[in-house]
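Read the structure below first, then the notes.
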Amino acid sequence: MKAPKRNGSEKPKNENLKKSLEKLKAKNIEETVKRIEDAEETVAGSSEDSPLYPSSEENDDDESLSEDNGSISESGSQQSDLSEDEISVHSSDDDESSGSDDDNPSGGNDDHGSGDSISEDEGNDNGHAEDNLGESDDSREVVEESDSSEDEVTPRNTIGDVPLEWYKDEEHIGYDRAGKKIKKKERQSKLDSFLASVDDSKNWRKIYDEYNDEEVELTKEETKLIRRLLKGKAPHADFDPYAPYVDWFAWDGAKHPLSNAPEPKRRFIPSKWESKTVLRYVRAIRKGLIKFDDKPKEEPKFYALWDDSTSAERQGLAYIPAPKPKLPGHEESYNPSPEYIPTQEEINSYQLMFEEDQPKFIPKQFNSLRSVPSYDKAVQETFDRCLDLYLCPRVRKKRINIDPESLKPKLPSRKDLKPYPTTCYLEYKGHTGPIMSISTDPTGQWIASGSTDGTVRIWEVETGRCLRVWDIGETIAEVAWNPLPELPILAVAAGEDVFILNTKVGSGEQQEKIDELLNVDNQVATVESDTNASVVSWGHYDKHGGIRLKHFKTKGIPVSIAFHPTRSIFFTATKKVVRVYDLLKQKLIKKLDAGVREISSIAIHPGGDNAIVGSTDGKLCWFDMDLSTRPYKVLRSSRNPEKGNIISCEPLISLCSMNCCGSSMTLLIQMIRCHPKDITRVAYHRSYPLFASCSDDCTSYVFHGMVYSDMNQNPLIVPLEILRGHATAGGRGNCLCSFISMSEWKSVWIENFSCSYFFP
Amino acid sequence: MLIDKAVFCSIVQNADDQIVATASKDRTLRLWKIGAEQSLDQPKRISAFKILRGHTAAVQSIAAQPSGDMVCSGSWDCTISLYNINASDSEGDIVSVKKRRKDGEDREIQSEGEALSTLVGHTQCVSSVVWPQHETIYSASWDHSIRRWDVETGKNSLNMFCGKVINCLDIGGESSALIAAGGSDPILRIWDPRKPGTLSPVFQFSSHNSWISSCKWHKKSWFHLVTASYDGKVMLWDLRTAWPLAVIDTHKDKVLCADWWKDDSVISGGADSKLCISSGIPV
Chain A
8 MKAPKRNGSE KPKNENLKKS LEKLKAKNIE ETVKRIEDAE ETVAGSSEDS PLYPSSEEND
68 DDESLSEDNG SISESGSQQS DLSEDEISVH SSDDDESSGS DDDNPSGGND DHGSGDSISE
128 DEGNDNGHAE DNLGESDDSR EVVEESDSSE DEVTPRNTIG DVPLEWYKDE EHIGYDRAGK
188 KIKKKERQSK LDSFLASVDD SKNWRKIYDE YNDEEVELTK EETKLIRRLL KGKAPHADFD
248 PYAPYVDWFA WDGAKHPLSN APEPKRRFIP SKWESKTVLR YVRAIRKGLI KFDDKPKEEP
308 KFYALWDDST SAERQGLAYI PAPKPKLPGH EESYNPSPEY IPTQEEINSY QLMFEEDQPK
368 FIPKQFNSLR SVPSYDKAVQ ETFDRCLDLY LCPRVRKKRI NIDPESLKPK LPSRKDLKPY
428 PTTCYLEYKG HTGPIMSIST DPTGQWIASG STDGTVRIWE VETGRCLRVW DIGETIAEVA
488 WNPLPELPIL AVAAGEDVFI LNTKVGSGEQ QEKIDELLNV DNQVATVESD TNASVVSWGH
548 YDKHGGIRLK HFKTKGIPVS IAFHPTRSIF FTATKKVVRV YDLLKQKLIK KLDAGVREIS
608 SIAIHPGGDN AIVGSTDGKL CWFDMDLSTR PYKVLRSSRN PEKGNIISCE PLISLCSMNC
668 CGSSMTLLIQ MIRCHPKDIT RVAYHRSYPL FASCSDDCTS YVFHGMVYSD MNQNPLIVPL
728 EILRGHATAG GRGNCLCSFI SMSEWKSVWI ENFSCSYFFP
Chain B
6 MLIDKAVFCS IVQNADDQIV ATASKDRTLR LWKIGAEQSL DQPKRISAFK ILRGHTAAVQ
66 SIAAQPSGDM VCSGSWDCTI SLYNINASDS EGDIVSVKKR RKDGEDREIQ SEGEALSTLV
126 GHTQCVSSVV WPQHETIYSA SWDHSIRRWD VETGKNSLNM FCGKVINCLD IGGESSALIA
186 AGGSDPILRI WDPRKPGTLS PVFQFSSHNS WISSCKWHKK SWFHLVTASY DGKVMLWDLR
246 TAWPLAVIDT HKDKVLCADW WKDDSVISGG ADSKLCISSG IPV
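Keeping their order, the protein sequence lines are chains A and B. Our numbering applies: residue 8 is where the first sequence begins, and numbers increase by one. Our numbering applies: residue 6 is where the second sequence begins, and numbers increase by one.
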């Protein structure tokens with residue numbers, strides 16, 4: 008009746024105790040066993056009346072229990088209240104005690120639980136004990152493994168695994184965690200302890216823990232465990248020592264396995280040696296020591312000896328095949344059909360033919376092949392062939408096979424480049440001699456024209472009315488409008504003189520201003536003193552009003568004139584120098600020395616600071632007014648200095664104004680060959696990308712010319728239209744062209760005394 | 006010295022006198038008075054009684070308000086200026102300079118006038134102006150556009166891009182809304198500005214060989230037009246036929262201007278210094 012009670016009270020402590028016990032077990036196992044035996048003896052001896060241990064059928068039970076556990080339960084079931092554990096402990100103890108009665112006391116005194124010594128001691132006794140100790144040894148290891156677990160009750164003492172004899176004579180058994188000495192408990196005298204054990208029925212469960220110097224009371228489970236161990240069984244009842252065997256070896260392929268051993272580990276880890284070898288190969292490939300030559304070496308094959316195809320792979324001199332002879336026909340047979348054989352008349356007629364037309368071979372008939380004579384020209388032809396081979400050039404000319412059309416630049420459609428002048432709508436009639444020069448008003452209302460008949464005319468653009476005629480009396484070389492709209496004055500180069508005329512197309516105030524400007528007193532006329540002689544004199548032009556610049560020397564004949572685009576400065580280009588005049592002060596400002604053979608034209612940049620002078624020998628002199636009177640740069644535009652008469656610099660200037668940069672100048676000079684005869688004049692449009700050229704062949708070409716700001720892109724020049732409409736007079740059609748700035752109109756003047764107007 | 010080029014008449018019935026306004030290349034407009042009752046037997050020397058200034062370039066075209074109070078002028082300076090001509094009351098205010106020209110016995114007083122307002126918008130020479138209604142001015146320019154202006158506000162209410170330089174312009178036809186214009190090509194084009202969303206002409210007549218210098222609608226008929234061209238021909242058109250009704254080939258040179266006269270006659274002037282009147286035209 009007591010056992011269940013105790014059992015219930017000790018249940019929470021059960022786990023902890025069990026573990027601490029296991030640890031102790033190994034050490035105190037013998038003592039424990041002994042004490043259990045002692046307790047049994049006492050129980051058996053003293054209390055016969057104890058309900059726990061019925062004295063009857065004790066021996067029977069012993070035998071049955073030693074054999075099988077199951078039989079214990081069977082037998083135990085017959086007992087009324089006993090728990091199985093107590094019975095088993097009891098019975099097993101009996102069994103054990105019979106064998107090891109003598110030895111145990113001695114072993115218990117000497118040893119303090121080293122498994123080995125126990126096994127030594129008990130090994131002699133019986134196999135049971137040996138197994139038992141082996142089990143206990145295992146269990147001890149398990150305990151050590153589970154040291155780290157938290158629920159383990161750490162021992163009070165901290166001295167570690169040292170012989171306790173060292174503390175035998177001390178007053179303390181060791182040290183606690185704080186480092187304080189743990190005092191030894193007062194030992195009860197043997198008699199007292201014996202008496203206490205006799206009194207206490209539970210005393211047999213109590214074990215003295217020498218290490219910690221305390222008494223530990225075994226729980227039910229612990230005693231059960233111990234008894235199982237003593238019997239040489241697995242400590243836990245739920246462990247099945249006879250579990251069915253699982254054969255992990257794969258028997259499928261192996262009929263006769265050499266070894267049942269599992270696969271060694273080395274078969275699953277990468278081999279070091281292999282990786283070293285691979286590394287060596289990789290390094291060798293990287294260094295180029297190992298090459299992968301997939302293609303098998305080509306054996307020299309047979310080649311077609313009579314192959315016509317020219318193979319480039321041939322070594323040595325290039326093989327040039329002999330000309331292939333025509334295959335022989337029927338007439339070349341030794342016995343041709345009679346229709347092939349020419350008659351004697353035909354043969355005679357061959358003699359009359361030219362040698363080239365004569366047939367090379369005249370068919371003849373032979374009776375047999377034997378009678379065919381040897382080829383009479385064999386030696387000759389062989390020799391010719393040898394000569395051919397000897398003399399023929401051994402260099403093969405490679406011809407690039409490119410469609411010439413694809414090399415042409417792609418031009419935009421003419422429709423996209425509209426507007427440009429196409430049709431002649433207006434003619435300005437009135438001149439009686441070839442017109443040498445035209446110039447348009449900056450506003451676009453008027454055109455001035457100069458002719459060899461000695462007249463300068465001003466035309467109204469819109470209607471073609473001749474507004475004004477000046478009879479200068481000398482051949483007009485050039486006319487030029489002032490680009491300033493406020494001062495509509497006209498410069499005329501005629502003969503040896505330059506005239507500046509008042510066109511009188513301005514308003515009243517402008518007229519007064521111009522009159523004032525052009526009012527030069529003859530007496531005051533400044534005589535420009537050159538280094539050696541006076542060349543130019545200013546004077547009033549009595550006949551038509553205006554200024555007359557008289558040149559005295561023949562070398563000072565003006566060839567071209569131009570106005571400064573913004574200021575009242577006026578340029579006169581003679582054959583040698585360019586003179587720059589100030590119109591207000593009426594005196595020479597500067598003399599630009601081009602250093603070319605003969606100046607042919609001049610053009611001023613719209614900014615006014617730069618001028619370009621063209622010469623008859625194909626040079627362009629670029630002047631910077633601010634820098635010096637010498638050319639800033641001399642450009643050669645023509646390869647042939649005899650033919651490179653630069654007739655106008657105007658387009659250059661216009662394109663320069665699109666991108667004012669020195670390097671672009673070279674881009675602009677593009678050779679355009681279109682006219683069969685000499686070009687006489689070029690003109691450009693101020694707002695549209697158009698320019699036109701006129702030639703002696705009485706035609707005028709209109710081009711679309713675009714210069715891109717991107718220097719890498721070539722300027723785009725598209726020929727748009729050929730303007731005709733002028734008849735040649737005297738075999739030489741002098742043709743002039745000029746764009747009118749305000750609109751896209753263009754006028755072309757020609758020798759037959761009319762000027763035509765072309766409109767889009 | 007004046008260079009009178011364009012003499013567009015706007016005859017204004019003003020009490021006894023008729024006033025003629027002329028546009029000139031010297032950047033001025035001049036007003037001339039012609040006594041209606043005076044005999045026209047011998048030529049009489051008259052001089053302009055008023056000079057209207059304001060343009061900074063040659064005046065190319067002129068048109069008068071239907072009521073005759075104002076004129077407008079188109080110029081090479083790309084603007085259209087409006088002038089008040091019937092301003093006897095305001096004359097004292099506007100007159101800035103009084104000129105007395107002593108020319109023998111004749112003593113004329115010239116007054117000067119300034120532009121009332123300026124319509125800016127064209128980018129090139131305004132080649133033609135028409136003032137068909139009281140509040141509306143049509144103008145054509147060399148910048149390829151035909152514009153309609155509101156006189157009161159000075160705003161540009163219509164801007165038609167034609168793709169060609171326009172030389173002459175007239176308004177008429179059906180409910181006086183069609184625009185006829187000739188430019189730097191031999192094609193007479195007629196637009197209907199009421200037609201939404203399109204700028205293509207409703208009629209095109211291309212029998213001329215050269216520029217059309219002048220085109221005029223008939224005053225009464227909706228369908229009739231007269232055009233003058235630089236090819237020396239004056240043509241009469243009916244909108245209902247593609248070919249000219251009549252070709253008047255009397256001029257030897259360019260015909261510069263043409264107009265209807267008395268409903269059944271056409272008067273034209275040419276560069277050969279001839280003024281031709283062709284009459285008996287069935288309309």
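Glycine included, C-beta positions come from ideal geometry on N, C-alpha and C.
Report all residues from its chain with a CB closer than 7 Å to the CB of Lys257 (chain B); omit the five preceding and five following residues, and keep chain order.
For the purposes of this step, residue 257 (chain B) is taken as the residue at position 252 of the second sequence. Result list for Lys257 (chain B): Gly237 and Asp277, in chain order.
Same chain only: Cβ atoms within 7 Å of Val725 (chain A), ignoring 5 sequence neighbours per side
For this step, residue 725 (chain A) is matched to residue 718 along the first sequence. Same-chain partners within the cutoff: Leu418, Pro419, Leu424, Phe710 and His711.
Exposed or buried, Ser446 (chain A), counting other C-beta atoms within 10 Å across all chains shown (16 or more means buried)?
The residue labelled residue 446 (chain A) in the question sits at position 439 within the first sequence. So Ser446 (chain A) ends up on the buried side.
What's the C-alpha gap between Gln677 (chain A) and Gly615 (chain A)?
Within the first sequence, numbered from 1, the residue matching residue 677 (chain A) stands at position 670. Within the first sequence, numbered from 1, the residue matching residue 615 (chain A) stands at position 608. Note on Gln677 (chain A): pLDDT 48, under 50, position unreliable in the model; no value is reported.
Could you work out which residues of chain A lie near Tyr235 (chain B), taking near to mean beta carbons separated by less than 9 Å?
Counting from 1 along the second sequence, the entry for residue 235 (chain B) is found at position 230. What Tyr235 (chain B) touches in chain A: Tyr432, Leu433, Thr470 and Gly471.
Same chain only: Cβ atoms within 6 Å of Tyr174 (chain A), ignoring 5 sequence neighbours per side
Here residue 174 (chain A) refers to the residue found at position 167 when the first sequence is read from its first residue. Only residues of its own chain outside the window of five on either side were considered, and among them Ile180 have a CB closer than 6 Å to the CB of Tyr174 (chain A), listed in chain order.
Range covered by the beta strand (DSSP E) that runs through Trp488 (chain A):
Sequence index remark: in the first sequence, residue 488 (chain A) carries index 481 (1-based). That run of the beta strand (DSSP E) goes Ile483 to Trp488.
Interface residues of chain A facing Lys259 (chain B) [CB-CB closer than 8 Å]:
Residue numbering aside, residue 259 (chain B) sits at position 254 when the second sequence is read from its first letter. Around Lys259 (chain B), the beta-carbon contacts reaching into chain A at under 8 Å are Thr470 and Gly471.
So, at 6 Å on beta carbons, what are the nonlocal neighbours of Val476 (chain A) in its own chain, with the 5 sequence-adjacent residues on each side left out?
As a position in the first sequence, residue 476 (chain A) is number 469, starting the count at 1. Here the set comprises Thr462 and Arg464.
Tell me whether the beta-carbon of Glu493 (chain A) lies closer than 9 Å to the beta-carbon of Lys520 (chain A).
Position 486 of the first sequence, counting from 1, holds the residue named residue 493 (chain A). Position 513 of the first sequence, counting from 1, holds the residue named residue 520 (chain A). In this structure, Lys520 (chain A) lies closer than 9 Å to Glu493 (chain A) by Cβ.
Along the stretch 446-477 of chain A, where does the CB come closer than 9 Å to a CB of chain B? Name the residues.
Flagged, chain order: Thr450, Gly451, Gln452, Glu467, Glu469, Thr470, Gly471, Arg472 and Leu474.
Per-residue DSSP class, three states only, for Ser126 (chain A)
One-based indexing of the first sequence puts residue 126 (chain A) at position 119. Per-residue confidence for Ser126 (chain A) stands at a pLDDT of 39, beneath the threshold of 50, marking its modelled position as unreliable; the derived number appears in the next sentence. Here Ser126 (chain A) sits in helix by DSSP.
For Thr706 (chain A), the nearest candidate out of A:Glu728, A:Val169 and A:Lys294 (CA to CA)
Along the first sequence, read from residue 1 onward, the residue named residue 706 (chain A) stands at position 699. Looking at the Cα atoms, A:Glu728 is the closest of the given residues.
Please list the residues of the stretch 198-225 of chain B that have a C-beta atom closer than 7 Å to any C-beta atom in chain A, keeping them in chain order.
Shown in chain order are the members of the stretch 198-225 of chain B whose Cβ falls below 7 Å from a Cβ of chain A: Ser215 and Trp216.
Can the beta-carbon of Thr27 (chain B) be found closer than 9 Å to that of His60 (chain B)?
Taking the first residue of the second sequence as 1, we reach residue 27 (chain B) at position 22. Taking the first residue of the second sequence as 1, we reach residue 60 (chain B) at position 55. No; because the gap between Cβ atoms is not below 9 Å, this pair is not in contact.
Tell me the DSSP secondary structure of Tyr143 (chain B) in three-state form.
Numbered from its first residue, the second sequence carries residue 143 (chain B) at position 138. Under the three-state reduction of DSSP, Tyr143 (chain B) is assigned to strand.
Taking buried to mean at least 16 other C-beta atoms within 10 Å of its own C-beta, is Leu280 (chain B) buried or exposed?
Counted from its first residue, the second sequence places residue 280 (chain B) at position 275. Result: exposed.
Could you check what DSSP says for Phe390 (chain A) in three-state terms: helix, strand or coil?
On the first sequence, position 383 is the one that residue 390 (chain A) refers to. Here DSSP, grouped into helix, strand and coil, assigns Phe390 (chain A) to helix.
Identify every run of the beta strand (DSSP E) within the stretch 56-83 of chain B, keeping only runs that are complete inside it and at least 3 residues long; order them along the chain.
Listed in chain order, they are 64-69 and 75-80.
Using C-beta distances below 6 Å, list every residue in its chain close to Glu516 (chain A), excluding the 5 sequence neighbours before and after it, in chain order.
Taking the first residue of the first sequence as 1, we reach residue 516 (chain A) at position 509. When the five nearest sequence neighbours on each side are left out, no beta carbon in the same chain lies closer than 6 Å to the beta carbon of Glu516 (chain A).
From what residue to what residue does the alpha helix (DSSP H) around Lys231 (chain A) run?
Counted from its first residue, the first sequence places residue 231 (chain A) at position 224. Counted as a single uninterrupted DSSP element, the alpha helix (DSSP H) harbouring Lys231 (chain A) occupies residues Lys227 to Leu237.
Which bits of chain B does Val512 (chain A) rub up against, with CB to CB less than 9 Å?
What you label residue 512 (chain A) is simply residue 505 of the first sequence in a count that begins at 1. Result: Ile8, Lys30, Asp31 and Ala63.
Consider the Cβ of Trp265 (chain B): report whether some Cβ of chain A lies at a distance smaller than 9 Å.
Against the second sequence, residue 265 (chain B) aligns to sequence position 260. Residue contact check for Trp265 (chain B) against chain A: no CB pair falls below 9 Å.
Name the two residues that bound the continuous alpha helix (DSSP H) containing Ser413 (chain A).
Sequence index remark: in the first sequence, residue 413 (chain A) carries index 406 (1-based). Per DSSP, Ser413 (chain A) is one residue of the alpha helix (DSSP H) stretching across Pro411 to Leu414.
Check whether the Cβ of Ser189 (chain B) lies closer than 9 Å to any Cβ atom in chain A.
Locating residue 189 (chain B) in the second sequence gives position 184, where the first residue counts as 1. Yes, contact with chain A.
Neighbouring residues, chain A, relative to Ala276 (chain B) (Cβ below 9 Å)
What you label residue 276 (chain B) is simply residue 271 of the second sequence in a count that begins at 1. Those are Thr470, Gly471 and Arg472, listed as they occur along chain A.
Taking Cβ positions, are Leu599 (chain A) and Pro572 (chain A) nearer each other than 9 Å?
On the first sequence, position 592 is the one that residue 599 (chain A) refers to. On the first sequence, position 565 is the one that residue 572 (chain A) refers to. Taking 9 Å as the cut-off, the beta carbon of Leu599 (chain A) is found no closer than this to the beta carbon of Pro572 (chain A).
Proximal residues to Glu281 (chain A) (C-beta, below 7 Å), its chain only, five neighbours per side dropped:
Position 274 of the first sequence, counted from the start, is the residue given in the question as residue 281 (chain A). Hits under 7 Å: none found.
Express the C-alpha separation of His337 (chain A) and Pro411 (chain A) in angstroms, rounding to a whole number.
Position 404 of the first sequence, counting from 1, holds the residue named residue 411 (chain A). Position 330 of the first sequence, counting from 1, holds the residue named residue 337 (chain A). One Cα belongs to Pro411 (chain A), the other to His337 (chain A), and the distance between them is close to 45 Å.
Three-way DSSP call (helix, strand, coil) for Gln452 (chain A) in this model:
Within the first sequence, the letter at position 445 stands for residue 452 (chain A). If DSSP states are grouped into helix, strand and coil, Gln452 (chain A) belongs with coil.
Segment contact, 8 Å Cβ cut-off, at least three pairs: the stretch 148-168 of chain B with the stretch 208-217 of chain B:
Taking 8 Å as the limit for Cβ pairs, the verdict is that the stretch 208-217 of chain B does not touch the stretch 148-168 of chain B.
Rounded to the nearest angstrom, what separates Gly502 (chain A) and Ile479 (chain A) at their Cα positions?
Along the first sequence, read from residue 1 onward, the residue named residue 502 (chain A) stands at position 495. Along the first sequence, read from residue 1 onward, the residue named residue 479 (chain A) stands at position 472. Whole-angstrom Cα-Cα distance: 10 Å.
Could you work out which residues of chain A lie near Trp81 (chain B), taking near to mean beta carbons separated by less than 8 Å?
Sequence index remark: in the second sequence, residue 81 (chain B) carries index 76 (1-based). Chain A residues near Trp81 (chain B): Thr450 and Gln452.
Please confirm if Cys173 (chain B) has its CB atom under 9 Å from at least one CB of chain A.
One-based indexing of the second sequence puts residue 173 (chain B) at position 168. Answer no: the Cβ-Cβ gap between Cys173 (chain B) and chain A never drops below 9 Å.
To the nearest angstrom, how far is it from the Cα of Ala241 (chain A) to the Cα of Val253 (chain A)?
Reading the first sequence from its first residue, position 234 is the one you call residue 241 (chain A). Reading the first sequence from its first residue, position 246 is the one you call residue 253 (chain A). In this structure, the CA atom of Ala241 (chain A) is about 21 Å from the CA atom of Val253 (chain A).
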